[in-house]
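**Q** The first sequence lines up with residues 122 to 313 when you count with this note's numbering.
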Amino acid sequence: MIIERPFYARDTVKVAQELLGKILVRVISDNILTAMIVETEAYKSFDDPASHSYKGLTKRNKPMFGEVGYSYVYFTYGNHYCFNIVAKDEKSSAGAVLIRAVEPLSGIEIMKKKRGVDDIYKLTSGPGRLTQALSIDKSLNEIDLTRECELYVINGYDIPIDKIESASRIGIRDALDKQWRFYIKDNPFVSR
DNA sequence: CACCCGATTATCT
DNA sequence: GATAATCGGGTGT
């Protein structure tokens, strides 16, 4: 049911692809919010100029160098949080998968309330949007996502390979040649 | 629908 | 001091 650590101890790009269809579970006291991951991006290390970890360890990117299966949450553009899952293989020093969009499954009314938005297609279709809908902030940085606590990931739907698209990552300037953005084809909850 | 721009602050140089 | 793995509102087509 819950995704175990070995799943994340593999090539970051592969994990990014295979996270599509998995279910994010957010527990807030009595409320359980769930959503299916529909869009991800892989960020590697010294071989990836677009990655936070490209230039080495800093205070912010520390989780990317830590144990796989942990969260990496950072604050950007003065108003948004982005949620990543640390994933990398044995020979990589750092790596993480940015969760860019999810499809709401349960707790939708609560998500609408947190977002102040009624349109379901604008609830969680973007990295900053989904963190707001699920109340993910710095307090959830560096937590173990393989344990059943306030935030974790469980198995969901198998997405056939022909339903997965890859493209250049969004919002970066470097390494636009790398096609490390993955999303479910024709899914209306994908960003943009 | 496309493009433009301001918000707002932690983080890094 | 500049920038940023974004968003939403505005304007124009």
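Note that beta-carbon positions come from the ideal geometry of N, C-alpha and C, so glycine has one too.
From a predicted model like this one, the values you see are computed outputs, not experimental measurements.
#1: Should D169 be labelled buried (16 or more other beta-carbon atoms within 10 Å of its own) or exposed?
#2: Between which two residues does the alpha helix (DSSP H) carrying Y198 extend?
#3: So, does the region 188–197 touch the region 151–162, judging by three or more C-beta pairs under 8 Å?
#4: What three-state label does DSSP hand V146 in the structure shown?
#5: Specify the secondary structure class of M232 as computed by DSSP and reduced to three states.
#6: Counting Cβ pairs closer than 8 Å, one from the region 169–187 and one from the region 225–234, do we hit at least three?
#7: On the premise that A217 lies in contact with T245, defined as a C-beta separation below 8 Å, what is that separation, rounded to the nearest angstrom?
#8: Rounding to the nearest angstrom, what Cα-Cα distance links R181 and A156 in this structure?
#9: Considering only their Cβ atoms, is the gap separating T267 from G190 smaller than 7 Å?
**A** In short:
#1: buried
#2: Looking at the DSSP string, Y198 is not in any alpha helix (DSSP H), and its letter there is neither H nor E.
#3: no
#4: strand
#5: helix
#6: no
#7: In fact, because the Cβ distance is near 19 Å, the residues do not count as touching under 8 Å.
#8: 27 Å
#9: yes
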